[in-house]
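Just so we're aligned, residue 216 is where the sequence shown starts under this note's numbering, counting upward by one.
All residues carry an ideal CB built from backbone N, CA and C; glycine is no exception.
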Amino acid sequence: MAQTKSKILFIGGTGYIGKFIVEASAKAGHPTFALVRSPPSPIRPSPKSSKASRHPASISSWVIFTTTRAL
């Protein structure tokens, strides 16, 4: 039986620890998403894994999005 991979959303996926967790999740084959506050800066590059998706947003816009989807 084929195993289904979970979709995973990380909040703080570009932080010191988060970037490693996002990369590990993507390498494990999970559809991986990272909610980030702003575009990547030269100091903090985006995850190198092409399997991870970055979604610039604020927590308030995420709350509005999830509330709207629930209605």
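Check: Where does Ile243 sit, in a helix, a strand or coil, going by DSSP?
Finding: Strictly speaking, residue 243 in this sequence is Ala, with Ile absent from that position. Coil at Ala243, not helix or strand.
Next item on the list: Pull up the CB-CB distance for Lys220 and Gly228, whole angstroms please, since I reckon it's below 8 Å.
Entry: Going by Cβ atoms, the distance from Lys220 to Gly228 rounds to 17 Å, so no, they are not a contact pair.
Checklist line | Contact check, Ile236 vs Phe225, beta carbons under 8 Å | finding: yes
Notebook entry, point to check: If you run the structure through DSSP and keep just helix, strand and coil, what is Ile236?
Noted result: Note: Ile236 maps to helix in three-state DSSP.
Next item on the list: Measure the C-alpha to C-alpha separation of Gly230 and Ser240 and round it to an integer number of angstroms.
Entry: 15 Å
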